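Trainee:
Numbering (this note's numbering), first residue to last: -17 to 218.
Quick look at the structure:
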């Protein structure tokens, strides 16, 4: 329990900073919705001048930007990208930081089983991710109700936000795996950015090419926001 609490104390600031970043992006996009929804027809004409593959890759051909649900699904692509970077960074850091700081030898000689140490560290990461999702979820509806006058389906937004948590859990697990496989990790961010952006590029290719095989490779395609809006479900 002491290890768990100590890990939370050490990592809570990072979680708060990343959460503020997510909310800031959300606030920026949602504040633009009233203008974009009114000029949706004009935006469609502008998009016609771009290559179809480019428009598909950005998801602009998939969602109705004049609706709250469609617009939120579009901006959510970038929300989930930022949140995934945080999740994987946290997953890699929580175990590898002891090696980098050269405190692992000191920690393992304590009268605590190694499994308890690892469990406490993993639980601290999961706690941070869960708290981040709760804060972000509350902020989603607070900001939406502030800037949006038209009615919208809060259940759909809730389902889309739930997919954020599930994708983050994937990247936490992947980060933990890499921290075990790679013995000496000098810096966490380059590995995190390389892996997450690699998956994100595959996701853009999946949207552009509509290749169903790519959907199995990248976690960003596991939960299709357009399907969530249409079926009001994460998966069929």
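We treat Cβ as the ideally placed atom computed from N, Cα and C, and that holds for glycine. Every value quoted in this text rests on a predicted model; they were computed, and no experiment measured them.
1) Classify residue 8: buried if its beta carbon has 16 or more other beta carbons within 10 angstroms, exposed otherwise.
2) Beta-carbon within less than 6 Å of residue 158's beta-carbon, same chain only, minus the 5 sequence neighbours each way: which residues are those?
3) Secondary structure at residue 79, three-state DSSP: helix, strand or coil?
4) For residue 174, report the span of its alpha helix (DSSP H) as first-last.
5) Does the Cβ-Cβ distance between residue -8 and residue 67 come in under 8 Å?
6) Does DSSP put residue 136 in a helix, in a strand, or in coil?
7) Examine the Cβ distances between the segment 149 to 165 and the segment 185 to 192 and report whether three or more of them are shorter than 8 Å.
8) Which same chain residues end up closer than 7 Å to residue 1 when comparing Cβ atoms and leaving out the 5 residues on each side of it in sequence?
9) What are the boundary residues of the alpha helix (DSSP H) that residue 101 is part of?
10) For residue 65, count the other beta carbons within 10 Å of its own beta carbon; 16 or more makes it buried, fewer makes it exposed. Which is it?
11) Closest to residue 210 by C-alpha separation, out of -14, 168, 111 and 137, would be which residue?
12) Can you name the start and end residues of the alpha helix (DSSP H) that residue -9 belongs to?
13) Nearest to residue 215 by CA position, among 140, 201 and 161, is which residue?
14) Residue range of the alpha helix (DSSP H) that residue 210 falls in?
15) Inspect the beta-carbon positions of residue 58 and residue 18 and report whether they are closer than 8 Å.
16) Whole-angstrom Cβ separation of residue 111 and residue 55, contact assumed at under 8 Å?
17) Tell me, to the nearest whole angstrom, how far the beta carbon of residue 76 is from that of residue 106; I am working on the premise that it is less than 8 Å.
18) Residue 216 by DSSP, collapsed to three states: which one?
19) What residue range is occupied by the uninterrupted alpha helix (DSSP H) comprising residue 195?
20) Tell me, to the nearest whole angstrom, how far the beta carbon of residue 202 is from that of residue 182; I am working on the premise that it is less than 8 Å.
Mentor: Taking the geometry as given:
1) Mapped onto the chain shown, residue 8 falls at position 26. By the 10 Å Cβ count, residue 8 comes out buried.
2) Within the chain shown, the letter at position 176 stands for residue 158. Once the five neighbours on either side are set aside, the close Cβ partners of residue 158 are 73.
3) Locating residue 79 in the chain shown gives position 97, where the first residue counts as 1. Three-state DSSP puts residue 79 in a helix.
4) Taking the first residue of the chain shown as position 1, residue 174 is located at position 192. Residues 170 to 191.
5) For the purposes of this step, residue -8 is identified with residue 10 of the chain shown, where counting begins at 1. For the purposes of this step, residue 67 is identified with residue 85 of the chain shown, where counting begins at 1. In this structure, residue -8 lies away from residue 67, with their beta-carbon atoms at least 8 Å apart.
6) As a first step, residue 136 is located in the chain shown; it is residue number 154 there, counting from the start. Here DSSP, grouped into helix, strand and coil, assigns residue 136 to helix.
7) In the pairwise beta carbon analysis, the segment 149 to 165 is classified as not touching the segment 185 to 192: fewer than three pairs are separated by under 8 Å.
8) Start at 1 with the first residue of the chain shown, and residue 1 comes out as number 19. Cβ within range, chain order: 114, 117 and 118.
9) Position 119 of the chain shown, counted from the first residue, corresponds to residue 101. First-last of the alpha helix (DSSP H) with residue 101: 96 to 129.
10) The sequence position of residue 65 within the chain shown is 83, counting from 1. It is buried - the Cβ of residue 65 has at least 16 other Cβ atoms within 10 Å.
11) Locating residue 210 in the chain shown gives position 228, where the first residue counts as 1. Nearest C-alpha to residue 210 among -14, 168, 111 and 137: 137.
12) Stepping through the chain shown from its first residue, residue -9 is reached at position 9. -16 to 20 is the extent of the alpha helix (DSSP H) around residue -9.
13) Locating residue 215 in the chain shown gives position 233, counting from the first residue. Here the closest residue by C-alpha is 140.
14) Residue 210 sits at position 228 when you count from the first residue of the chain shown. Run containing residue 210: 207 to 213, per the alpha helix (DSSP H) assignment.
15) The residue given as residue 58 occupies position 76 in the chain shown. The residue given as residue 18 occupies position 36 in the chain shown. With contacts defined as CB atoms closer than 8 Å, residue 58 and residue 18 fail to qualify as a contacting pair.
16) As a first step, residue 111 must be located in the chain shown, where it is residue number 129. As a first step, residue 55 must be located in the chain shown, where it is residue number 73. Contact flag wrong, Cβ pair sits at about 21 Å.
17) Position 94 of the chain shown, counted from the first residue, corresponds to residue 76. Position 124 of the chain shown, counted from the first residue, corresponds to residue 106. Confirmed, about 7 Å.
18) For the purposes of this step, residue 216 is taken as residue 234 along the chain shown, with counting starting at 1. Three-state result, residue 216: coil.
19) Against the chain shown, residue 195 aligns to sequence position 213. Counting along the chain, the unbroken alpha helix (DSSP H) around residue 195 starts and ends at 194 to 199.
20) Along the chain shown, read from residue 1 onward, the residue named residue 202 stands at position 220. Along the chain shown, read from residue 1 onward, the residue named residue 182 stands at position 200. Contact holds; Cβ gap of about 6 Å.
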